[in-house]
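J.:
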Amino acid sequence: MNFVIFVIAMGILIWGADLLINQSERIALKYRIPEFIIGA
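All residue numbers for the sequence shown refer to the numbering used here, where the first residue is 143 and numbers rise by one.
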């Protein structure tokens, strides 16, 4: 049971990180901020 919770938590973490990267790229494009400042 703990393994199932761990897998779900990891999936949410990876999905959340992916979403954050996409949002930061969108913000960088909007305000013309170099991406390496946000995504370092």
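For every residue, glycine included, the Cβ atom is placed at its ideal position computed from N, Cα and C.
Could you check the C-alpha separation between Trp157 and Tyr173 for me, to the nearest Å?
T.: Straight-line Cα distance between these residues: approximately 24 Å.
J.: What's the gap between the Cα of Val149 and the Cα of Leu155?
T.: Separation of Val149 and Leu155 (C-alpha to C-alpha, rounded to the nearest whole angstrom) is 10 Å.
J.: State yes or no: is the C-beta of Leu155 nearer than 8 Å to some heavy atom of the ligand MG?
T.: Because no ligand of any kind appears in the structure shown, any question about the ligand MG cannot be addressed here.
J.: Per DSSP, what kind of secondary structure is Met143 in: helix, strand or coil?
T.: Of the three classes helix, strand and coil, the one that applies to Met143 here is coil, per DSSP.
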